[in-house]
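Structure record follows, encoded as structure tokens.
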Amino acid sequence: MTDKVVPVVTRASELDETTLQSGECVRKSGVSPQHTPATKIWFGRVSNEPGHRSPPHHHEHAETGGYVLKGHGRIYFGEDYKEYVDLHDGDFVFVPPFMPHVEVNMSTTEELVWLTCRTPDNLVTNLEDVPDEALEGYRRA
Numbered sequence: 001m002t003d004k005v006v007p008v009v010t011r012a013s014e015l016d017e018t019t020l021q022s023g024e025c026v027r028k029s030g031v032s033p034q035h036t037p038a039t040k041i042w043f044g045r046v047s048n049e050p051g052h053r054s055p056p057h058h059h060e061h062a063e064t065g066g067y068v069l070k071g072h073g074r075i076y077f078g079e080d081y082k083e084y085v086d087l088h089d090g091d092f093v094f095v096p097p098f099m100p101h102v103e104v105n106m107s108t109t110e111e112l113v114w115l116t117c118r119t120p121d122n123l124v125t126n127l128e129d130v131p132d133e134a135l136e137g138y139r140r141a
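Residue numbers are given in full-length UniProt numbering: position 59 of the sequence shown equals residue 59, and the series is strictly consecutive.
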């Protein structure tokens, strides 16, 4: 006899915070190998308080898709993090594997909230930090 297969629900109050983190960028998983039967996906809520940012990092061999629920995000990338893309409510983004980047909340008054999906898991390699001044247009709250 086989085990019955059923959907697994993670309630908003039960999001898992034991996943890998990058500084002030807070990741909470809803579906992940850490607390569900999932084996090839990480899906969660990522937030940055007003004016906060992640340190430079990449997600190893994982492919990442993001969706901005609310706020104004910016992803810095490229040589010395001189390039960037801005994202607003309703925008999607794809971040390729091994791409060093910095995730920033450009607002100094409003929270930035993303939904992020990554396969096969939430892999994070934090890199050497850069000064805030190196990130064009960024300022802390």
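All C-beta atoms, glycine included, are put in the ideal place defined by N, C-alpha and C.
Two segments are said to touch when three or more pairs of C-beta atoms, one from each, lie closer than 8 Å; by this definition the stretch 96-103 does not touch the stretch 6-16. An exposed status is given to S13, since fewer than 16 other beta-carbon atoms sit within 10 Å of its beta-carbon. Taking a 10 Å sphere around the C-beta of H52, we find 16 or more other C-beta atoms and assign the residue as buried. Residue burial is scored here from C-beta neighbours: H61 has fewer than 16 other C-beta atoms within 10 angstroms and is therefore classed as exposed. The DSSP assignment places complete beta strand (DSSP E) segments of no fewer than 3 residues inside the UniProt domain "Cupin type-1" (29-136) at 42-48, 63-70, 73-77, 83-87, 92-95, 101-105 and 112-119, in order along the chain. Residue pairing for S22: DSSP places it in a beta bridge opposite C25.
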